[in-house]
Every structure is written in C-alpha cells, then in structure tokens.
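Asks: Protein chains in written order, with the working numbering: chain H, 1 to 267; chain P, 1 to 262. Built from N, CA and C at the ideal position, the CB exists for glycine as well. Pasting a structure below so you can have a look.
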Amino acid sequence: MSYLIESYYGHFKVTLTRYLTYRVELVIWLISMILQPVVFMAVWSNAASYSGGTLSGYTTGDISAYFIVSMLVNHATMAWVMWEWDARVRQGELSYLLLRPNHVFHRDLAENITFKLATFPFMLATAIALIAGTHPHVTMSHQAMLAIVPCLLLSFCLRFTVDWLCAMGAFFTTRVDALNVFYFFLLLLFSGQMAPMPFLPAPLQTMADFLPFRWTVDFPARLLIGKLPDEEIVHGLLMQMFWCVIVWSACVLVWRRGVRSYTAVGI
Amino acid sequence: MKTLKLFFVSCRLGILNELEYRVNFYVHLFEAVMSFFTGIVVLWSVFGRTNNVGGWTWTQILVVLGLWFITKGIVNVMLAPSMRLFMDDIWHGNLDFLLTKPVNHRFMASTRKFLIFFSVDILVGLVLLGFALPQLALALGLPELSMLAIVTLSGAVIIYSFWIFLGTLALWTVKLENIMLVFFSVLEAGRWPAGLYPFWLRYSMIFLVPIAVAITFPAEALLGRLDWQHTMYAAAGAAVAYLSSRWFFDYGVRFKYAGASA
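Put into structure tokens, the structure is as follows:
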C-alpha cells in the first residue's frame, strides 16, 4: 500500500512537471471545457425567456446555475484515456507499461488527478466570473449537502471506468476514432452536458434511464443546485453504485481478454 | 493561370493520395453522420421546448447549421491539412523545398494538401441548406443577393487569413498543433448564431477566431436581415485581414525562417 502511494506521488511529480512545461496545452483544454457549457447556457436561457421565463420549472437563474455547476462537475469527473489508448495499442506503447509492477490503471488515475488539481483554480476562477456575469440561483437542503461528497466520488469512479472501458476498444479495433466520436455523442446527449434531464424530449429521457451517463454529470449537478428531492438523491446514489459495479466488472473482463489478444505491434 | 493549374494539380494529387486509404472515407462518413445527428438531436431537444431561440426559428437555425458544416468541411479539406504540413515543414526544415520553387509561397503553402474525404461535411451542409431554404420561401432582391455575395466572400477570406496567421505563428513557437484545437473548439460554438452568446464570446467569435463572420453573417444575409453597414464592415475586415496576413507571412518566411535542415 505504501508502495502504491509512493508511485502515485511519483506520477504526480512527473505529470505536474510536464504540465508546467506545456502550459499552453492546459489553457487550450480549458477553453474547450468552458465553451460548451456557456453555449448551452446561452441557448437554453434564450429558449426559456422566450417561453415566459421558465422551462420545466427551471428559471433562467436555475439554468445558469445548472450549467456553471455542470462545468465544474464535468471537469471533476472527465477523463481522456481514450486518446492515449489508440497509440498504446497501435504503436505498442502498452508493452512497456505492462512490464511495470503497477497496473496501467493506476498510472492513468494518478495523471488524471494531477490534471484536476493543476487546473482546478482556473475552473473556479471561470465559475466565479460566470456567476458574476449571470445570476444563478441555488437552493440546497441539508440532506443534499451531506450527499455531495459521496455523489461526486461515485460520479468520478463511474465516468473514469466507463472511459476506460471505452478506451479498451482499442484492443479490438484500430478505428478508435470512430468509436470515440460515438462515445462523445452519447456523453453529450445523455450525461447532462447538453441539458438537464427534464429538458430532454421524452424518448431521449427513456433511453437515458437505461444508460450510465446521466449519473455522471446531470445527477451531481442537479443535486448541487438543489433541484432534487431527498428520495431521488438516494435513488441516484444507489444507481451510481449499481453502475460502478457493472462497469468495473466489465472493465476487468475486457482487460483480461484484451491483454491476451494484444499483439504488441510496432515493437 | 499557372497558379490555377497548380491548384488543380495539388487537388488531384490529394484525391489520388486519399483514394489509397479508402476505409478513411467510411470513418469520415461516420463522423459526419454522427456530427449531423448531434446537431439535429440537440436542435430537436431545444425546439421541442420552444419555437424560437433568440429570434431564430427551427428552419432558420438549420440554415446556420448548414453553413457551419460547409465551413468546417472547407477548413478540414484544404486549410487545416495544408497548414499542418507547413508547420511540419518548418519544424523539419523542409520548407526550403517550398521556398525554392518559383511560385507564390503563401498560395502554395495554403493549398498543398487536400484531405478530400472530409468533403462529406460540405455535402451534409449543402443537403441541409437544400432542405431548409425552400421552406423559408425567401424573396431576395438584387441588393440582398449582392450583400450575400460580399459577406460570404469576406467570410471565406477572413477564415483563410486566419489560418495563414496560425500557420505563420509556427515560425515563432513550435508546438502549434494545439492552437489549431482552439479553432476547432470555438468552431463548435458556431453551430448557433453568435447573437445568442454573451458579449465576450460574441466578440471573440468575430475578432479573435472569426467563425461568426463565416457562418452567422452569411446566414443573416440569406434570411435578408443584414444591412449594408455590416456588410461593409465585413468587407473592410476581410481586406485588413488579408493584407495583414499576407504581410505577416512574407515577413515571417523572409526574416524568421532559418532553414533547419541546411
């Protein structure tokens, strides 16, 4: 265990040094992370003010709050492993990683956490600027406050494992880019990046219920702005746990089969 | 004349090169279809709730989306790959080979590489326009049509100059692949009319990463909502952008490029 902590610390230092070397890269990542919620905030606020100021019980203040919070949640839970797995399998980088004593998963997780820590101040500053520019409206119960920490942790676990599962598609196809495009399509529609669940057309809402994505951004974001009653919070936490178990098991299975079929091309 | 011939030669070369990798076509096709679906499903969700977003109806927004696809297609077919090659050449010192050729270097640098399969985006855009425009039953007179022509041309010139700027910047800083990403992430915001956005984003889309000039302005012109004042602003902006990017490119290549391979 202490060995694992030490290796996380090592990854942390290496990754941070790399980020500090390529600072512009961080800024560019941030721009794309900030623009999307701003775009949808503008679109839905405009739609709401045209239909009399509210949309499914959300005022323009609620909508601003939702998208500002979902920006932070999305930042906290996002992963980008799928961009690295393509090179890992196609160019054989995975071979070196497999030789290391720790599972590759730890490496990705450590890198992910470093990125979050390094960029969080910027996200917070952006959020404060957006709060000053719009007039978000938040009401939260004490029960909801208690649920925030477990909810965010579970969202992170879920999103990270789903991303990992999707990234391992690289074991079985060389056309990962097409797979990624499809994954981001699902993520945009069903995770709540595009809109809080109540705004979606009924057929999409039904589909969202059968997919894990809505529990990664929409649920924590609506919890944080105080739009969920207590029983829905409990239901949501249970659903998060349920999906974490399912996706984690799938990850383990796919990893075992994938590593066996991995042929280390390029070495 | 020679320049035009060169343009077609590199166009043909691009097509021949790409035809060797035919599966790429299906990947791009799939991506274009997904992008189309994303656009439509998002619009469907929004317009399921309201029939007007910031003064734009469903059909009018489809026009914007069509122009977005066309812009994205043109950038991905010609400008982005050519400028990426240009940046690579700077890095490896291969630019010497381009500079020794007796042609206009800026033209050559910006039209050297064609990834023809990305033109499925242009097709999708045209289909969207073909679907949306008849429904709008527009009656554009001569002044509206000339405004449309001027503003579309200005948009194209401004986007072109923007990419020349980006490419030339590679002479000063090497890791520019990322700056291209800025263009593409701002491009995503161009799916909607720029007027919806808060002022800082709206002005960034006009003056920093000039997506709005290529998409929102022509859409306004098509719908007959543009006035001469804004048309002239766009034309003036295009002239300034073109001349300054030309100067910047010539200056950079002449005084900054050192020929890393020599």
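From Gly195/P to Pro143/P, what does the alpha carbon distance come to, in whole angstroms?
Replies: The alpha-carbon atoms of Gly195/P and Pro143/P are separated by roughly 23 Å.
Asks: Determine, for Leu196/P, whether the minimum Cβ-Cβ distance to residues of chain H falls below 9 Å.
Replies: Chain H contact via Cβ: present.
Asks: Closer than 7 Å between beta carbons: that is the criterion. Which residues of the segment 39-51 of chain P meet it against chain H?
Replies: Under the 7 Å Cβ criterion, the segment 39-51 of chain P contributes Val41, Val42, Trp44, Ser45, Val46, Gly48, Arg49 and Thr50.
Asks: Output, in sequence order along the chain, the residues in the segment 227-244 of chain H whose CB is closer than 7 Å to any CB in chain P.
Replies: So the list is empty, because no residue satisfies the distance condition.
Asks: Output yes if chain P places a C-beta closer than 9 Å to the C-beta of Ile128/H; else output no.
Replies: With 9 Å as the cut-off, Ile128/H does not count as an interface residue toward chain P.
Asks: Along chain P, which residues have their Cβ under 7 Å away from the Cβ of Glu25/H?
Replies: In chain order: Asn178.
Asks: Could you spell out where the alpha helix (DSSP H) holding Glu6/H opens and where it closes?
Replies: Looking at the DSSP string, the run of the alpha helix (DSSP H) that includes Glu6/H is Ser2 to Thr21.
Asks: Between Ile61/P and Val41/P, what straight-line distance do the alpha-carbon atoms span, to the nearest angstrom?
Replies: The alpha-carbon atoms of Ile61/P and Val41/P are separated by roughly 13 Å.
Asks: Taking the beta carbon of Arg107/H as the centre, do at least 16 other beta carbons fall within 10 Å, making it buried, or is it exposed?
Replies: It counts as buried.
Asks: For the segment 113-138 of chain P, list every residue whose C-beta sits within 8 Å of some C-beta in chain H, in sequence order.
Replies: Against chain H - using a Cβ distance shorter than 8 Å - the segment 113-138 of chain P contributes no residues.
Asks: For Trp248/H, which residues in the same chain have their Cβ closer than 6 Å to its Cβ, ignoring the five residues on either side in sequence?
Replies: Cβ within range, chain order: Thr161.
Asks: Give the secondary structure of Leu226/P by DSSP, where H, G and I count as helix, E and B as strand, and everything else as coil.
Replies: The answer is coil: DSSP assigns Leu226/P none of H, G, I, E or B.
Asks: Closest to Leu223/P by CA distance: which of Phe117/P, Gln135/P and Glu177/P is it?
Replies: Out of Phe117/P, Gln135/P and Glu177/P, Gln135/P has the C-alpha closest to the C-alpha of Leu223/P.
Asks: Near Ala238/P, what residues of its chain come up, given a Cβ to Cβ distance below 6 Å and the 5 sequence neighbours on each side ignored?
Replies: Excluding positions up to five away in sequence, the list reads Ser154, Val157 and Ile158.
Asks: When burial is assigned at 16 or more other CB atoms within 10 Å of the CB, is Met205/P buried or exposed?
Replies: Result: buried.
Asks: Opposite Thr59/H in the DSSP bridges: which residues?
Replies: Looking at the DSSP assignment, Thr59/H forms a beta bridge with Thr54/H.
Asks: By alpha-carbon positions, which one of Leu226/P, Thr57/P, Gly252/P and Asp96/P ends up nearest to Gly141/P?
Replies: Comparing Cα positions, the closest option is Leu226/P.
Asks: Quick check for students: name the residue ranges of the alpha helix (DSSP H) that lie wholly in the segment 190-234 of chain H, counting only runs of 4 or more.
Replies: Qualifying alpha helix (DSSP H) stretches, in chain order: 202-209 and 218-224.
Asks: What residues from chain H crowd round Met34/P, counting only those whose CB sits closer than 9 Å?
Replies: Going along chain H in sequence order, the residues near Met34/P (Cβ under 9 Å) are Ala178, Val181, Phe182, Phe184 and Phe185.
Asks: Go to Ile61/P, then tell me how far its alpha helix (DSSP H) extends in each direction, as first and last residue.
Replies: Here the alpha helix (DSSP H) through Ile61/P covers Trp58 to Ile74.
Asks: If you follow the alpha helix (DSSP H) that Thr126/H is in, where does it begin and where does it stop?
Replies: Thr126/H -> alpha helix (DSSP H) spans Val104 to Gly133.
Asks: Looking at C-alpha atoms only, which residue of Thr152/P, Leu13/P, Trp58/P and Glu18/P is the closest neighbour of Ala219/P?
Replies: The shortest Cα separation from Ala219/P among Thr152/P, Leu13/P, Trp58/P and Glu18/P belongs to Thr152/P.
Asks: Evaluate Ile128/H with the Cβ neighbour count: other Cβ atoms within 10 Å of its Cβ, from every protein chain shown; 16 or more gives buried, anything less gives exposed.
Replies: Flag for Ile128/H reads exposed.
Asks: Please decide whether Val63/P counts as near chain H, where near means a Cβ-Cβ distance under 9 Å.
Replies: For Val63/P, the answer is no, since every Cβ of chain H falls outside 9 Å of its Cβ.
Asks: Name, going along the chain, the residues of the segment 189-210 of chain H whose beta-carbon falls closer than 8 Å to a beta-carbon of chain P.
Replies: Of all residues in the segment 189-210 of chain H, Leu189, Met194, Ala195, Phe199, Leu200, Pro201 and Leu204 have a Cβ within less than 8 Å of some Cβ in chain P.
Asks: Counting Cβ pairs closer than 8 Å, one from the segment 177-192 of chain H and one from the segment 217-235 of chain H, do we hit at least three?
Replies: Because the criterion of three Cβ pairs below 8 Å is met, the segment 177-192 of chain H and the segment 217-235 of chain H touch.
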